[in-house]
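Protein chains: 2
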Amino acid sequence: MAELRFDKGGGLLPVIAQDYKSGEVLMLAYINEEAWEKTLATGKAHYWSRSRNKLWLKGESSNHVQLVKEILVDCDEDTVVYKVEQLGGAACHKGYRSCFFRHVEGNKFIIKDKPVFDPQEVYNK
Amino acid sequence: MAELRFDKGGGLLPVIAQDYKSGEVLMLAYINEEAWEKTLATGKAHYWSRSRNKLWLKGESSNHVQLVKEILVDCDEDTVVYKVEQLGGAACHKGYRSCFFRHVEGNKFIIKDKPVFDPQEVYNK
């Protein structure tokens, strides 16, 4: 049985969402056991929102759902990679393709990407 | 100033180590502020070992050091990607190139890779 070690993360484990074609890391989010089971059952990435304290179907507001093509698990069974097809072309709520749209240069964060959508339009419908 | 939100992770934030050429996700580990500063200062990936409760230069036992080529930061400043050159060809203490050497098929974990080194030889010197 594919049992993750939710006990090691106090009930929550990190998931790395990675573009299944390009390998770009899109975001990191957390799952509890319910989110894990929903993801396996539906093929759509579900997470546990730590800020809203609720189960979260990625894309439920933006329609930017993540279709899970493959799942990898690490040697300690406490971290997971979802290889996903990111619908809408963007994972980040700030409108960027990836949440990792800045790189560190010296002691500054420099934006390296252009936004794909305008968050005002997508979320304030 | 490139300030990470260590307060959000109770002092520890996750880092995704990714191969700087292939984009393969190699491992996930954690940093505290000291590990972050050591990484920036030396260009070698430092982490905080949660199991040993100490600062950890990746490769200090195995010589499989990670040279950090680029650092990305996410929209919430609470997760980091290290794009690394993995010396020794393997990040996982079990001898695999990546800690994510298994994928989930149905309700089983299936090994998809071959080990690069024998952990007995590398760690029990």
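If you're matching them up, the sequences are chains A and B in order. Its first residue numbered -10, the first sequence is counted upward by one per residue in this note's numbering. Its first residue numbered -10, the second sequence is counted upward by one per residue in this note's numbering. Even glycine gets a Cβ: it sits at the ideal position worked out from N, Cα and C. No experiment lies behind these values; they were computed from the predicted model shown.
When the Cα of residue i is compared with those of the options, which residue comes out closest?
i	options	result
A6 (chain A)	A:F(-5), A:E110, A:Q75	A:Q75
W45 (chain B)	B:T28, B:K103, B:D107	B:T28
Y85 (chain B)	B:K103, B:F98, B:V70	B:K103
N21 (chain A)	A:Q55, A:Y9, A:V69, A:S11	A:V69
V105 (chain A)	A:S87, A:G32, A:S50	A:S87
K97 (chain A)	B:L61, B:S38, B:E13	B:L61
V57 (chain A)	B:L1, B:R41, B:S11, B:H92	B:H92
S11 (chain B)	B:G78, B:D107, B:Q109, B:E110	B:G78
A34 (chain A)	A:V54, A:S50, A:V111	A:V54
S38 (chain B)	B:F90, B:I99, B:G48	B:G48
Y36 (chain B)	B:V4, B:K83, B:E66	B:V4
E26 (chain A)	A:F(-5), A:L15, A:I100	A:F(-5)
S51 (chain A)	A:E(-8), A:D107, A:D67, A:D65	A:D107
T31 (chain B)	A:F89, A:I99, A:G95	A:G95
L2 (chain B)	B:S40, B:D67, B:V73	B:D67
S40 (chain A)	B:E(-8), B:D65, B:I100, B:E59	B:D65
K83 (chain B)	B:K43, B:L15, B:N42	B:L15
V73 (chain B)	B:K43, B:E13, B:K101, B:K(-3)	B:E13
F89 (chain B)	A:K(-3), A:N42, A:E59	A:E59
Does the Cβ of residue i have 16 or more other Cβ atoms within 10 Å, making it buried, or fewer, making it exposed?
i	result
A24 (chain A)	buried
G(-1) (chain A)	exposed
A18 (chain A)	buried
Q109 (chain B)	exposed
A80 (chain B)	buried
Y71 (chain B)	buried
Y112 (chain A)	exposed
D63 (chain A)	buried
D8 (chain A)	buried
Need the endpoints of the alpha helix (DSSP H) that residue i sits in, please.
i	result
P108 (chain A)	108 to 112
Let me know the secondary structure DSSP gives residue i once reduced to three states.
i	result
E74 (chain A)	strand
K(-3) (chain A)	helix
V57 (chain A)	strand
V93 (chain B)	strand
V105 (chain A)	coil
Along the beta strand (DSSP E) that carries residue i, what are the first and last residues, could you check?
i	result
K43 (chain B)	43 to 46
K83 (chain B)	No beta strand (DSSP E) holds K83 (chain B); DSSP gives it neither H nor E.
Heavy atom of the ligand SAH less than 7 angstroms from the Cβ of residue i, yes or no?
i	result
Y85 (chain A)	Absence of the ligand SAH is noted for the structure shown, with no ligands found whatsoever.
Against chain E, does residue i count as a neighbour if the rule is that its beta carbon must be under 8 angstroms from one of theirs?
i	result
R(-6) (chain B)	No chain E appears in this structure, whose protein chains are A and B.
Completely contained alpha helix (DSSP H) runs for the segment 4 to 40 of chain B, where each covers 4 or more residues = Runs of the alpha helix (DSSP H) inside the segment 4 to 40 of chain B: 22 to 31.
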